[in-house]
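In what follows, a single structure is set out as structure tokens and then discussed.
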Amino acid sequence: MTSPTSAARRVERIPAVRVLARVGNAAIGILHILIGAIALAVAFGAGGSGKADQFGALKALVDVPGGLFVVWAVIVGLIALALWQILQTVVAHKAGTRVVEISKGIVYAVLAVTAISIASGGGSNSSATEKSASSKLLAVPGGVFLLAAIGLAIVGVGIGFLVNGITHKFERGLRLPPNALAGITTTLGRVGYISKGVALGIVGGLVVYAAITVDPSKAGGLDGALKSLTQLPFGVFLLILIAIGLIAYGLFWCVRAVAIRL
């Protein structure tokens, strides 16, 4: 009888599955490049109503000629990447690795569902949704502590990205062949991981602040966090650096889609 691990390994080796996984990597990259571009526009006062988050990135794609086809390509890539993470969960040997891989799969699946909703003409404003969720949490007994815990968890994820970028820990699992793309990939990754870590830290900090002040309007997600920087001294400069870093993180995913061994 074939074990689930053996079956997963066989599926993992199918060329079409590997191609789809690479498309998924590129999809993540495209989203981050668009988020960074929107954040740059906000920094220079040209952001308009664009949201500097996944919702805004996907909406920006839908609104340009031919963009809907790109969004559906992104959806296919995200679904493929979520399924690829399930395969990685099955073949992983350590329990901790399984938790990490399945968590990534869930994130990609949620992104795919969001993208499908937007491509189908639905979807809601992500910042409004997050504020609504925060309001509901603050309205229940103990909700303040739960919201604060969520904020601290986001800060923790941000710190994880920072540590990965500073220590180059993320490079261990890249499986890059020794060629010219290897150096480009790792450099983009270092800049991108640090920038995303800072951005997530700001998001988490705002969520904690919303809990402390019992004001759900402060919990605006990534878009709200990045736009709040424009209100601070030197905040625009910091926003530009983070935006460039997010673009670098997106390019890192796009290059790794081609460069890594699967």
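If you're matching positions, the sequence shown starts at 3 in this note's numbering and goes up one per residue. Don't be surprised by glycine CBs; every beta carbon is placed ideally from N, CA and C. Keep in mind that this is a model prediction, so the values were computed, not measured.
Residue 38 holds the alpha-carbon nearest to the alpha-carbon of residue 197 among 29, 38, 25, 19.
Within a 10 Å sphere around the beta-carbon of residue 28 sit 16 or more other beta-carbons, which makes this residue buried.
For residue 26 against residue 80, the beta-carbon gap comes to about 6 Å, under 8 Å, which counts as contact.
About 31 Å separates the beta carbon of residue 236 from that of residue 187, a gap too long to meet the 8 Å contact definition. Bounds of the alpha helix (DSSP H) holding residue 17 are 17-45.
The beta carbon of residue 8 is closer than 6 Å to none in its chain, skipping five residues each way along the sequence. Put simply, of 58, 66, 44 the residue whose alpha carbon is nearest the alpha carbon of residue 113 is 58. If you draw a straight line from the Cα of residue 95 to the Cα of residue 156, it is about 27 Å long.
Excluding residues up to 5 positions away in sequence, 44, 45, 238, 241 lie with their Cβ nearer than 8 Å to the Cβ of residue 232 in the same chain. For the options 17, 22, 137, the alpha carbon positioned closest to that of residue 78 is the one of 22. Under the three-state reduction of DSSP, residue 122 is assigned to coil, being neither helix nor strand. By the C-beta density criterion, residue 55 is buried, having at least 16 other C-beta atoms within 10 angstroms. Shortest Cα-Cα distance from residue 171 to any of 154, 68, 192, 152 involves 192.
For the pair residue 107 and residue 144, the Cα-to-Cα distance works out to about 30 Å. The beta carbons of residue 31 and residue 256 sit closer together than 8 Å. Between residue 150 and residue 210, the gap from beta carbon to beta carbon is short of 8 Å.
Around the C-beta of residue 175, fewer than 16 other C-beta atoms lie within 10 Å, and the residue is accordingly described as exposed.
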